[in-house]
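A.B. asks: In the working numbering, the protein residues as written are 20 to 240.
Sharing a structure here in structure tokens format.
Spelled out as structure tokens, the structure:
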């Protein structure tokens with residue numbers, strides 16, 4: 020962080036925050052510190068967000084996939100010639116916060132993709148060692164068609180991905196806010212029944228849960 024942006028960030032951070040950033044010990048720590056400085060200089064990240072991200076990322080050190088998910092959001096958006104996006108900062112911070120809440124000891128994979136030779140067919144945010152899949156959202160359940168599309172896309176990725184269990188497993192969507200809990204409950208019931216009754220899904224037993232963090236409630240079918 021030797022350039023002007025880095026000097027500015029070092030000057031602005033307090034003692035604890037500076038220690039968190041300078042003491043960051045993950046594979047891409049140097050890249051991330053440079054990205055912190057650039058994102059702060061551009062007004063895309065606040066000091067508190069940088070300190071929180073550094074703390075959560077350090078706690079997740081060693082988790083498979085950390086560097087290809089939220090760290091990428093910070094590093095790529097902070098690259099030279101890229102203006103960045105404050106939305107990426109919020110997404111990345113939300114992802115590492117939730118993963119840290121779960122605990123690195125409980126996580127099998129972080130941010131893994133279903134690929135073909137030509138394209139990425141789907142992505143899953145977190146796979147626990149139990150097999151459970153957790154998807155991180157800022158908001159969820161405001162439009163029925165979007166809920167249907169999200170469930171279909173994530174369930175299909177679970178079905179296709181060799182590293183993801185499907186039968187006797189759970190898809191959990193964690194959202195900061197759920198718009199229409201009743202509609203979401205109806206959709207979870209419909210999808211669980213559809214999977215159980217369909218030979219296309221091998222009549223699997225899959226559970227869907229939606230966590231509304233704003234009310235600390237779990238919506239199930």
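A virtual CB, placed ideally from N, CA and C, is assigned to each residue, including glycine.
Since we're looking at a predicted model, the values are computed, not measured.
Kindly indicate which residue of 222, 117 and 38 has the alpha-carbon position closest to the one of residue 156.
C.D. replies: One-based indexing of the chain shown puts residue 156 at position 137. Among 222, 117 and 38, the Cα nearest to that of residue 156 belongs to 117.
A.B. asks: Are the segment 158-166 and the segment 119-130 touching, with three or more C-beta to C-beta distances below 8 Å?
C.D. replies: Segments in contact, no.
A.B. asks: With residue 188 as the anchor, note down where its beta strand (DSSP E) starts and where it stops.
C.D. replies: Stepping through the chain shown from its first residue, residue 188 is reached at position 169. Taken as a continuous stretch (DSSP letters only), the beta strand (DSSP E) holding residue 188 covers 188-197.
A.B. asks: Less than 8 Å between the beta carbons of residue 123 and residue 78, yes or no?
C.D. replies: For the purposes of this step, residue 123 is identified with residue 104 of the chain shown, where counting begins at 1. For the purposes of this step, residue 78 is identified with residue 59 of the chain shown, where counting begins at 1. Yes.
A.B. asks: Tell me which same chain residues have a C-beta within less than 6 Å of the C-beta of residue 1, skipping the five on either side of it?
C.D. replies: Only positions 20 to 240 of the chain appear in this structure, which leaves residue 1 out of reach.
A.B. asks: Excluding five sequence neighbours on each side, which residues of the same chain lie with their C-beta closer than 6 Å to the C-beta of residue 73?
C.D. replies: One-based indexing of the chain shown puts residue 73 at position 54. 39, 40 and 43, listed in sequence order.
A.B. asks: Give the DSSP-derived three-state secondary structure of residue 232 in the structure shown.
C.D. replies: Along the chain shown, read from residue 1 onward, the residue named residue 232 stands at position 213. Residue 232: coil per DSSP, three-state reduction.
A.B. asks: How many angstroms separate the CA atom of residue 232 from the CA atom of residue 193?
C.D. replies: For the purposes of this step, residue 232 is taken as residue 213 along the chain shown, with counting starting at 1. For the purposes of this step, residue 193 is taken as residue 174 along the chain shown, with counting starting at 1. Those two C-alpha atoms are separated by around 7 Å.
A.B. asks: Taking residue 178 as the reference, give the member of 200, 206, 106 and 224 with the closest Cα.
C.D. replies: In the chain shown, residue 178 corresponds to position 159, counting from 1. Checked all of 200, 206, 106 and 224; the closest Cα to residue 178 is 224.
A.B. asks: Measure the Cβ-Cβ separation of residue 56 and residue 108 and say whether it is below 8 Å.
C.D. replies: Reading the chain shown from its first residue, position 37 is the one you call residue 56. Reading the chain shown from its first residue, position 89 is the one you call residue 108. No, Cβ-Cβ distance for residue 56 and residue 108 is not below 8 Å.
A.B. asks: I need the boundaries of the beta strand (DSSP E) containing residue 185, first residue and last residue.
C.D. replies: Here residue 185 is taken as the residue at index 166 of the chain shown, counted from 1. It is not in any beta strand (DSSP E) - residue 185 carries neither H nor E in the DSSP assignment.
A.B. asks: Could you tell me how far apart the beta carbons of residue 158 and residue 195 are, in whole angstroms, since I believe they sit closer than 8 Å?
C.D. replies: Walking along the chain shown from the start, residue 158 turns up at place 139. Walking along the chain shown from the start, residue 195 turns up at place 176. That belief holds up - the Cβ atoms of residue 158 and residue 195 are roughly 6 Å apart, short of 8 Å.
A.B. asks: Apply the 10 Å Cβ neighbour rule to residue 80 and answer buried if 16 or more other Cβ atoms are within range, or exposed otherwise.
C.D. replies: Stepping through the chain shown from its first residue, residue 80 is reached at position 61. Flag for residue 80 reads exposed.
A.B. asks: Taking the alpha helix (DSSP H) that residue 162 belongs to, which residues open and close that run?
C.D. replies: Reading the chain shown from its first residue, position 143 is the one you call residue 162. Premise fails: residue 162 is in no alpha helix (DSSP H) and is neither H nor E.
A.B. asks: Count the other CB atoms within 10 Å of the CB of residue 229; is the residue buried (16 or more) or exposed (fewer)?
C.D. replies: Taking the chain shown and counting its residues from 1, one reaches residue 229 at position 210. By the 10 Å Cβ count, residue 229 comes out buried.
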